[in-house]
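Numbering (the working numbering), first residue to last: 3 to 360.
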């Protein structure tokens, strides 16, 4: 959000060219959209994904003879999700000034908590780890604390887009194994309907999270294109899954995940990065990096006019504008259901900086 400047410092603040939105106006529009999106998301979540980690699955029917590779994967998922309190509190503190983002973060945390409990039940009911072992393992995990991968809100928002998509992919591929659809010879024939249902249910949650964060990045990309594109470039340049520095025997877990065909570098490039790029109107990583590089090479004589002409060629701003408009239509339709449109409607405001084709 824009910083509050003391009155005696206003003369030092760069003036916004006539006809353009100020940073404060952009921040207000983004905040209003986040609040509307949060309200819509919460209603849909309660209506369509209100499951319980204990009661929604027939845990007694979980197989007790699953291969050790599968147990290693499930145990790793359980370990990563154990840091849900850290993920929630760290991100919540970062965006506490934003009603929409902070309240969504609490909702997100409540859903991630269910994931942690479901994976713990999977480990426990597999009967391949004792209750005592699980308690000691949790204590070992909780002895360390997860920290934000980036110091600012925009980078962490971008990071969650790629992270949620990668997590969804991990769970979907475990689901395929549990459905007996693995292409790996050593895992063919492994079928467990309960484990498949657990993985699918959590993957659906992760897809919903991905879409929420994706809408947020689109908002920033529309109103703050240069800053957002640079954040995307920085995030993919040093992306890693959360808690990998904290989970014991991470290398063994990751090797098992890779050999099982669940997730690896190629999957990140093809099914995570390229999918997110497509949803953000970015053609490729090279196009992104080249566009930012050219932007920096252009002399900045008067304001940022010369620089922005390069930025607009880096991504499909028309597609992003269409996505932002559709988001506002979705929010407005929801507000009409409860009467908010009569009192405090969320409205789309065009970004005048976007160049228009004749």
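Beta carbons are placed, not taken as given, at the ideal position from N, Cα and C, and that holds for glycine.
DSSP bridge partner residues for residue 317 (one or two, in chain order)
284
Based on the DSSP secondary-structure assignment, which residues constitute the bridge partners of residue 193?
181
By the three-class DSSP mapping on this structure, what secondary structure does residue 148 have?
coil
Coil, strand or helix - residue 108 by DSSP:
helix
Going residue by residue through the region 21-72, where are the continuous alpha helix (DSSP H) segments of at least 4 residues, counting only ones entirely within it?
25-50
With distances taken from CA atoms, which of 333, 252, 129 and 326 is nearest residue 352?
326
For residue 230, which residues in the same chain have their Cβ closer than 6 Å to its Cβ, ignoring the five residues on either side in sequence?
222 and 223
With a cut-off of 8 Å, do at least 3 Cβ pairs link the region 146-157 to the region 171-190?
no
Beta-carbon proximity of residue 186 to residue 262, cut-off 8 Å
yes
Please list the terminal residues of the continuous alpha helix (DSSP H) segment that includes residue 256.
252-261
Residue 2 lies in the alpha helix (DSSP H); which residues open and close that run?
Residue numbering for the chain in the displayed model covers 3 to 360; residue 2 lies beyond these limits and cannot be assessed.
How about the region 92-112 and the region 126-141: do they share at least three Cβ pairs that are nearer than 8 Å?
no
Buried or exposed for residue 63, going by 16 or more other Cβ atoms inside 10 Å?
exposed
Exposed or buried, which one is residue 204 when buried takes at least 16 other CB atoms within 10 Å?
buried
Same chain, Cβ closer than 8 Å to residue 255, neighbours up to 5 away in sequence not counted:
74, 75, 77, 78, 81 and 249
Residue 313 beta carbon less than 8 Å from that of residue 233:
no
Within the same chain, show all residues whose beta-carbon is closer than 8 Å to that of residue 290, passing over the 5 residues directly before and after it, in chain order.
231, 234, 235, 279, 284, 316 and 317
Answer yes or no: do residue 281 and residue 216 have a C-beta to C-beta separation smaller than 8 Å?
yes
Would you mind giving the Cβ-Cβ distance between residue 55 and residue 83, rounded to the nearest angstrom? I have them listed as a contact below 8 Å.
With 8 Å as the limit, residue 55 and residue 83 do not qualify as a contact, their Cβ atoms being about 11 Å apart.
Below 6 Å CB to CB, which residues in the same chain sit around residue 101 once its five sequence neighbours on both sides are set aside?
37
Assigned secondary structure, residue 243 (DSSP; H/G/I helix, E/B strand, else coil)
coil
Could you check if residue 295 is buried or exposed, using at least 16 other CB atoms within 10 Å of its CB as the buried criterion?
exposed
Alpha carbon of residue 331 to alpha carbon of residue 35, nearest angstrom
11 Å
Please report how far the alpha carbon of residue 52 lies from the alpha carbon of residue 208, in whole angstroms.
14 Å
Identify which residue in 106, 108 and 271 has its Cα closest to the Cα of residue 239.
271
Would you mind giving the Cβ-Cβ distance between residue 225 and residue 28, rounded to the nearest angstrom? I have them listed as a contact below 8 Å.
4 Å
Quick one: residues in its chain with C-beta nearer than 7 Å to the C-beta of residue 1, no 5 flanking neighbours on either side, listed in chain order?
Any answer about residue 1 is impossible in this case: the structure gives the chain only from 3 up to 360.
Identify the continuous alpha helix (DSSP H) that holds residue 344 and give its terminal residues.
342-345
Would you decide whether residue 361 is buried or exposed? Buried here means 16 or more other CB atoms lie within 10 Å of its CB.
Lying outside 3 to 360, the shown extent of the chain, residue 361 is not represented and no answer is given.
Closest by C-alpha distance to residue 184, when choosing among 122, 264 and 212
264
Kindly indicate which three-state DSSP category residue 203 falls into: helix, strand or coil?
helix
For the ligand ADP, is there a heavy atom less than 7 Å away from the beta-carbon of residue 111?
Annotation note on the ligand ADP: not contained in the displayed structure, which lists no ligands.
For residue 135, count neighbouring Cβ atoms within 10 angstroms of its own Cβ and tell me buried if that reaches 16, exposed if not.
exposed
My understanding is that residue 180 touches residue 201, with C-beta atoms under 8 Å, so please give their C-beta distance in whole angstroms.
6 Å
Would you tell me roughly how many angstroms separate the C-alpha atoms of residue 339 and residue 197, rounded to the nearest one?
38 Å
Residue 163 beta carbon less than 8 Å from that of residue 89:
no
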